[in-house]
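Have a look at the structure below before the remarks.
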Amino acid sequence: MRIRRVLSIVGMAVFFLGISMVLSMLVALAYRDGSAKAIGVSALITSALGLSLFRQYKHKDESDLSLKDGFGIVGFTWIGASLFGALPFVLSGAIPDFSLAFFESASGLTTTGSTILRDIEALPEGILFWRSFLHWVGGMGIIVLSVAILPYLGLGGMQLFKAESPGPTKDKLKPRIQQTATLLWGVYILISVLCLASLRLAGMDWLEASTHTFGTVATAGFSIYNESIGHFRNPLYEYIIIFFMAICGMSFAIHYRALSGQVTAYFRSAELRFYITIILGATFIIYFSRLGERLPMEQSFRESLFQVVSIVTTTGYGTSDFELWQPVAQVVILALMVVGGCAGSTGGGFKVVRILLLGKYLKISLNQQLHPSGVFVIKLDGKRVKREVVQNILGFCMVCMFVIVVATFLLALNGVDVLTSFTAALSCLCNIGPGLGDVGPTENFASIPTPGIWVLSLCMIMGRLEVFSLLLLFLPQTWKR
């Protein structure tokens, strides 16, 4: 790994993070909430240090980055961005404890949506805006943004994209990776504008509409109210958010193709069909399990659909307390936490395509028991899936389970009960937000001891980078030139 080259690009990403703080400072000035100075100082510190790091280690070699460099840049950028993203919380006094501020910042950037705040509504408007804006920045990834502008700085970006998106499928829209990144950002911005306009026209004010747009499009989950979306008691808001959460849980590559005139791309994707099937199936299971609550039919269906879409896309918004639902409904919610969104979406989790391919692999394994001499091939959308892809998926699942077990053990070691420890670890690694127990949908993570806060923060970053990208930084071979 060429550490100087890595630090240079990390510095550039940090610089742009600092520049992005200016928008939150303007919001603070508009509301005169007293946080403008703290955000301004944070922006100055972050952008100055980032620019200094970039200029000091900038290399004249314009050759493409190596795979090791890519993993180093991805890992250190997310850690560095989380560190500097915590500055507005600390300097404004909103979250004076740096460990908790780092957790909140990492939760925002990784689009997890878990929080340590007991009274969200007590925060100044500028800080609330920054907290939600972290979602939007992290939604498509700081690295993808960097890839889009790297050509202007004479730097290549292919390995960055590989390290940022190590999923089972690669859908490269254009020959040059920076063009791909730019196209993805274009779709992302378009959907954001449509969501913002929809919520604003439905009746939200500008702060409510913008912050909830950030959380919805990034499938993240920070709200500016303690009761999340349930604060509004407005079915129209909920249906709008359901729609945009659902489409942002789909692959942005498919959206691009549809916008380019290839609308049939939606119907040709096996992953998308499976994704919709999961949403509808889980919604009806939960809906029928709640018939005993004797709620109005529309309300029960809406609450069930909202929570299913919120959890499967790893958004984490809530309109009701699913800990009060029937055990079968809670089991479905736990299963959805694992599934996550589609590959190429802003959602977290294991990804729908991995679950789909594992199902196909299981079916073939059973058939091979009946027909030992048979030759079976796994196909996805009519194309043969290589055996190495399935092996990588199995390895990914095993590593994720190992991380969850270790994180659960470390939390339990710090006195956290088993249910809370397990669901907190699962929630943070899959970038969901709420769990069960003391971190349920109406609770927060403030009760987790400080060592546990750092464990969960690492889990969030690890989950956002799909585990391997961060774990590779701990291997000695990664650091060899």
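For the sequence shown, my numbering gives the first residue as 368, with consecutive numbering after it.
Positions of the beta carbon are idealized from the N, C-alpha and C atoms, including for glycine.
Beta-carbon contacts of residue i that lie in its chain and below 7 Å, excluding the five residues immediately before and after
| i | result |
| --- | --- |
| Gly452 | Leu384, Ser472, Gly475, Leu476 and Leu501 |
| Ser449 | Phe469, Ser472, Ala473, Leu476 and Ile828 |
| Val676 | Ile609, Met612, Ala613 and Ile646 |
| Asn781 | Pro816, Pro818 and Gly819 |
| Val389 | Ala410 |
| Gly588 | Gly480, Gly582, Thr682, Gly683, Tyr684 and Gly800 |
| Phe421 | Ser375, Gly378, Met379 and Phe382 |
| Val408 | Leu458 |
| Val699 | Ala649, Ile652 and Ile653 |
| Met392 | Ala403, Ile406, Gly407, Ala410 and Gly493 |
| Gly804 | Asp784, Leu786, Thr787 and Thr790 |
| Gly505 | Gly475, Leu476, Thr477, Thr478 and Ala585 |
Reduced DSSP secondary structure (H/G/I, E/B, other) of residue i
| i | result |
| --- | --- |
| Arg751 | strand |
| Lys847 | coil |
| Lys718 | coil |
| Lys425 | coil |
| Gly523 | Any reading at Gly523 needs caution, since the residue's pLDDT is 46, under 50, leaving its predicted position unreliable; the model's value is listed next. It is coil, neither helix nor strand. |
| Val381 | helix |
Residue i vs residue j beta-carbon contact at 8 Å
| i | j | result |
| --- | --- | --- |
| Trp497 | Val584 | no |
| Glu605 | Phe673 | yes |
| His622 | Val554 | yes |
| Ile483 | Leu467 | yes |
| Ile891 | Ser565 | Lying before the first or after the last residue shown, residue 891 is absent from the chain, which here runs from 368 to 848. |
| Ala779 | Val785 | yes |
| Thr681 | Gly708 | yes |
| Ala625 | Tyr633 | yes |
| Ile386 | Ser414 | yes |
| Val679 | Leu703 | yes |
| Arg485 | Asn811 | yes |
| Ile745 | Leu777 | no |
| Trp846 | Met507 | no |
| Gly442 | Ser824 | no |
| Thr586 | Gly616 | yes |
| Val772 | Val834 | no |
| Arg661 | Ser671 | no |
| Leu747 | Ala637 | yes |
Burial state of residue i (16 or more Cβ within 10 Å)
| i | result |
| --- | --- |
| Ser794 | buried |
| Thr444 | buried |
| Arg372 | buried |
| Ala849 | One cannot answer for residue 849 here, as it falls past the ends of the chain, which runs 368 to 848. |
| Ile370 | exposed |
| Ile556 | exposed |
| Lys718 | buried |
| Gly523 | Note that Gly523 scores 46 on pLDDT, short of 50, meaning its location in the model is unreliable and no value can be drawn from it. |
| Thr644 | exposed |
| Phe789 | buried |
| Ala489 | exposed |
| Val695 | exposed |
| Arg635 | exposed |
| Leu517 | At Leu517, the pLDDT of 46 sits below 50, so the modelled position is not reliable; the number obtained from the coordinates is stated separately. That one is buried. |
| Leu568 | exposed |
| Arg751 | exposed |
| Phe743 | exposed |
| Lys537 | At Lys537, the pLDDT of 48 sits below 50, so the modelled position is not reliable; the number obtained from the coordinates is stated separately. The residue is exposed, with fewer than 16 neighbouring Cβ atoms inside 10 Å. |
| Ser618 | buried |
| Glu665 | exposed |
| Leu499 | The displayed chain sequence assigns Ser, not Leu, to residue 499. With 16 or more other Cβ atoms within 10 Å, it is buried. |
| Phe763 | buried |
| Pro663 | exposed |
| Arg669 | buried |
Close-in-space but distant-in-sequence residues of the same chain around residue i (CB under 8 Å, 5 per side omitted)
| i | result |
| --- | --- |
| Ile830 | What sits at residue 830 in the sequence shown is Gly, not Ile. Excluding positions up to five away in sequence, the list reads Thr477, Thr479, Gly715, Cys795, Leu796, Cys797 and Asn798. |
| Leu563 | Ala576, Ser577 and Thr580 |
| His598 | Ser590 and Tyr592 |
| Pro491 | Ala395, Tyr398, Asp400, Gly401, Ser402, Ser459 and Ala461 |
| Ile558 | Val584, Phe611, Ile614, Cys615 and His622 |
Check: residue i C-beta below 7 Å from any heavy atom of the ligand SAH
| i | result |
| --- | --- |
| Ser618 | Because no ligand of any kind appears in the structure shown, any question about the ligand SAH cannot be addressed here. |
Contacts around residue i, its chain only, beta-carbon distance under 6 Å, and the 5 residues preceding and following it disregarded
| i | result |
| --- | --- |
| Val630 | none |
| Tyr424 | Arg371, Leu374 and Ser375 |
Should the segment 435–445 be regarded as contacting the segment 453–462, the criterion being three or more beta carbon pairs within less than 8 Å? Flag = no, the segment 435–445 and the segment 453–462 do not touch.
If we count Cβ pairs, one from each stretch, closer than 8 Å, do we get three or more for the segment 734–745 versus the segment 699–714? no
Whether or not the segment 688–698 and the segment 640–657 are in contact is what I'm after, with contact meaning three or more pairs of Cβ atoms, one per stretch, closer than 8 Å; do they touch? yes
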